[in-house]
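A.B. asks: Provided herewith is a single structure, encoded as structure tokens, for subsequent inquiry.
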Ligand SMILES: [Fe+2]
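Chains as they are written, first to last, in the UniProt record's numbering: chain S, 1 to 418; chain E, 1 to 169.
Here it is as structure tokens:
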């Protein structure tokens, strides 16, 4: 059996307002994160719209481990491990496709796309063998919330519903932006290789303190008013949903001016087809409110970032290397909106993006900084004196406060010591 | 008679090839030396700068690309670099690229379709990175000089995770 007693004393590395740099660079910590976070808890894998037809599959991951997300022959979503149970060969070499079975190229064992072994080559050599012993490995638990597919390597544990908790409201808010209440991730992912520990990304996604400085160049050049959302005068909120899920809530800002689609830098007159479809779907009043509130900015622990107009998936591959996968959000029944979503996403994110190239520069500098010996601790005190609670009891703070980061580490400590 | 015509045609073709080659070498140098304004001036008003992802025959209007800039977005890209606060280029990447296999694919009217391969060595704070690309250009003769109307940069590994690509590729 695995000995689950931690090699590190995490209570001495994580305090309420500061954390030790070793958490970012220590390979042993990374190995323990794999067993305690990535290969135990709920991790976002993919979206059902990526495998719309029966027998579609796409290669995804849970941490460094590749996972085949299959819309299988029975019509279910299966999460299979990409490894032939015979001699351990990598089974499927493609990132996506449509097939009813997978044949290992090494000795030609063939598996149904639901994981069962269908047949061996030269079956005479397997007299008396029980085929059911040789099914593909699979992620034992799958949870799907409104099309978002999560997997957990633990046979039992909290339900996905309980795990998502307050963050479900962000997914609901997101899907409200579709006249049909559905998402379609059809634009393909950019993959941004990053020489930094994954937690620098996790912490930064809902950090409202950095944009004025890290993104000042593009705010200046594009003459967008976005910079004001991250200023001391901002009424936006940071929020800790618990379970490591955090939010940068822009709704107070959008509600202040109450202009539909201002969140997207446009207005209803310029997207008439979309506005009409929303009104038809939700009624005038509700549609107006949805278009004022816009799309959420929420980081679902440990790896799903809903970033208003795009969706990021964080994939740690080593203690000092992370892949940021990103695609444009695409709302079903909203072609006008979707085109702009793709254009804006391509401009802002990915390896050449106006925003993410600079964020990623910071991640890599974060990591190099962590390796410098003194001071050993990073500090997370910002806004401690003005942290409050919202009507649902979640911790909230000013747009620029470190409420999310403190919340993330609180949850992380729980996971690493339980 | 025929031999003379052929010789003239060959000479014209060679002349065009030299013109194209010199233009591409200049573009490469302006990129390597971060000569942003001069590089931007190479573009026509309808220029398209495209770096596809996940394959080389994708539809940039439907699927994600690393870069898919129209002329105004090329301008934003340059302006951001010139602020001095484009952190990923502060300090700037040190670059040297080798351009080869320059081939004129076709010519119609004022426009010339060209292909070339490039290998770019980048040194920056993160370390050293080698980029390899198959490029396609649409060059246009404007007032007797070549301009760039379209540049497609096909990273050979564009289906894989790639590091930050913030210099002009
Ligand atoms: Fe950022």
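Just so it is clear, CB atoms sit at the ideal spot from N, CA and C, and this is done for glycine as well.
These numbers come from a predicted model, not from an experiment.
Residues in its own chain within less than 8 Å of residue 7 of chain S by CB, not counting five upstream and five downstream?
C.D. replies: Hits under 8 Å: 28 and 32.
A.B. asks: Pick from S:69, S:64 and S:62: whose alpha carbon is nearest that of residue 53 of chain S?
C.D. replies: Nearest of S:69, S:64 and S:62 to residue 53 of chain S, Cα basis: S:69.
A.B. asks: Rounded to a whole number of angstroms, what is the C-alpha to C-alpha distance between residue 391 of chain S and residue 166 of chain S?
C.D. replies: Using only the alpha carbons, I get a separation of about 12 Å.
A.B. asks: Inspect the beta-carbon positions of residue 135 of chain E and residue 118 of chain E and report whether they are closer than 8 Å.
C.D. replies: Cβ atoms of residue 135 of chain E and residue 118 of chain E: closer than 8 Å.
A.B. asks: Give a yes or no on whether the C-beta atoms belonging to residue 53 of chain E and residue 355 of chain S are separated by under 8 Å.
C.D. replies: Contact flag unset, no.
A.B. asks: Could you compute how far the alpha carbon of residue 289 of chain S sits from the alpha carbon of residue 174 of chain S?
C.D. replies: Their backbone Cα atoms lie some 13 Å apart in a straight line.
A.B. asks: Apply the 10 Å Cβ neighbour rule to residue 130 of chain S and answer buried if 16 or more other Cβ atoms are within range, or exposed otherwise.
C.D. replies: Exposed: under 16 other Cβ atoms inside 10 Å.
A.B. asks: Rounded to whole angstroms, what is the Cα-Cα separation between residue 154 of chain E and residue 163 of chain E?
C.D. replies: If you take the alpha carbons of residue 154 of chain E and residue 163 of chain E, they lie about 15 Å apart.
A.B. asks: Which residues in chain E sit within 8 Å of residue 360 of chain S, going by Cβ to Cβ distance?
C.D. replies: Near residue 360 of chain S (Cβ distances below 8 Å), the residues of chain E are 88 and 164.
A.B. asks: When you compare the stretch 199-214 of chain S with the stretch 292-304 of chain S, are there three or more beta-carbon pairs, one atom per stretch, that lie closer than 8 Å?
C.D. replies: Verdict: yes, contact present.
A.B. asks: Judging by CA-CA distance, which residue of S:145, S:184, S:211 and S:404 is the nearest neighbour of residue 358 of chain S?
C.D. replies: Looking at the Cα atoms, S:211 is the closest of the given residues.
A.B. asks: Do you know how far the Cα of residue 24 of chain S is from the Cα of residue 415 of chain S?
C.D. replies: In a straight line, the C-alpha of residue 415 of chain S is about 16 Å away from that of residue 24 of chain S.
A.B. asks: Please report the straight-line C-alpha distance between residue 106 of chain E and residue 269 of chain S, rounded to a whole angstrom.
C.D. replies: Going by the C-alpha atoms only, they are around 44 Å apart.
A.B. asks: The beta strand (DSSP E) with residue 134 of chain E in it runs from where to where?
C.D. replies: Segment 127-142, the beta strand (DSSP E) holding residue 134 of chain E.
A.B. asks: Determine the contact status of residue 109 of chain S and residue 122 of chain S, defining contact as a CB-CB distance below 8 Å.
C.D. replies: No, Cβ-Cβ distance for residue 109 of chain S and residue 122 of chain S is not below 8 Å.
A.B. asks: Quick one: does residue 2 of chain S have its CB under 8 Å from some CB of chain E?
C.D. replies: Caution applies to residue 2 of chain S, whose pLDDT of 47 falls short of 50 and renders its modelled position unreliable; the value that the coordinates give is listed next. So, not an interface residue.
A.B. asks: Taking only runs of the beta strand (DSSP E) that begin and end inside the stretch 306-332 of chain S, which ones reach a length of at least 3 residues, in chain order?
C.D. replies: Those beta strand (DSSP E) runs which fall completely within the stretch 306-332 of chain S and span 3+ residues are 310-318 and 321-328.
A.B. asks: Taking the alpha-carbon positions, what's the residue 334 of chain S to residue 309 of chain S distance?
C.D. replies: Between residue 334 of chain S and residue 309 of chain S, the C-alpha separation is close to 13 Å.
A.B. asks: If we require 3 or more residues per run, which beta strand (DSSP E) segments fall completely within the stretch 124-167 of chain S?
C.D. replies: You should have 141-145 and 148-152.
A.B. asks: Helix, strand or coil for residue 273 of chain S, going by three-state DSSP, please let me know.
C.D. replies: Of the three classes helix, strand and coil, the one that applies to residue 273 of chain S here is helix, per DSSP.
A.B. asks: At what residues does the alpha helix (DSSP H) containing residue 39 of chain E begin and finish?
C.D. replies: Start and end: 36-40.
A.B. asks: Suppose contacts are defined by Cβ-Cβ distances below 8 Å. Is residue 239 of chain S in contact with residue 396 of chain S by that definition?
C.D. replies: Contact: yes.
A.B. asks: Determine which residues share a DSSP beta bridge with residue 102 of chain S and list them.
C.D. replies: DSSP, once it has assigned bridges, lists S:111 as partnering residue 102 of chain S.
A.B. asks: How long is the line joining the alpha carbons of residue 364 of chain S and residue 318 of chain S, rounded to whole angstroms?
C.D. replies: Going by the C-alpha atoms only, they are around 14 Å apart.
A.B. asks: Considering only C-alpha positions, which residue in the set E:7, E:34 and E:14 is nearest to residue 97 of chain E?
C.D. replies: When only C-alpha atoms are compared, the closest one is E:34.
A.B. asks: I want to know whether the stretch 68-83 of chain S touches the stretch 39-54 of chain S - three or more CB-CB distances under 8 Å.
C.D. replies: Touching, yes, given that three or more Cβ pairs across the two stretches are closer than 8 Å.
A.B. asks: Give a yes or no on whether 8 Å exceeds the smallest Cβ distance from residue 65 of chain E to chain S.
C.D. replies: Yes, residue 65 of chain E lies at the interface with chain S (some Cβ there is under 8 Å from its Cβ).
A.B. asks: Report yes or no: do three or more beta-carbon pairs, one from the stretch 379-389 of chain S and one from the stretch 337-357 of chain S, lie closer than 8 Å?
C.D. replies: No, they do not touch.
A.B. asks: Can you pull out the residues from the stretch 67-80 of chain E whose beta carbon lies closer than 7 Å to at least one beta carbon of chain S?
C.D. replies: The residues in question are 67, 68, 73, 76, 79 and 80.
A.B. asks: Run through chain S and tell me which residues come within less than 7 Å of residue 54 of chain E, C-beta to C-beta.
C.D. replies: The answer, in chain order, is 188.
A.B. asks: Anyone know if the C-beta pair for residue 117 of chain S and residue 134 of chain S falls short of 8 Å?
C.D. replies: Cβ distance < 8 Å, so residue 117 of chain S and residue 134 of chain S count as in contact.
A.B. asks: With which residues is residue 17 of chain E paired in a DSSP beta bridge?
C.D. replies: Looking at the DSSP assignment, residue 17 of chain E forms no beta bridge with any residue, so it has no partner.
A.B. asks: Taking the C-alpha atoms as reference points, what is the distance between residue 20 of chain S and residue 91 of chain E?
C.D. replies: Near 29 Å, if we compare the C-alpha coordinates of residue 91 of chain E and residue 20 of chain S.
A.B. asks: Return the residue from the list S:253, S:34, S:26 and S:89 that minimises the CA-CA distance to residue 231 of chain S.
C.D. replies: Measuring from the Cα of residue 231 of chain S, the nearest candidate turns out to be S:253.
A.B. asks: Are the beta-carbon atoms of residue 151 of chain S and residue 411 of chain S separated by less than 8 Å?
C.D. replies: For residue 151 of chain S and residue 411 of chain S, no; Cβs fall outside 8 Å.
A.B. asks: Any idea what DSSP makes of residue 59 of chain S, helix, strand or coil?
C.D. replies: DSSP places residue 59 of chain S in strand when its eight states are reduced to three.
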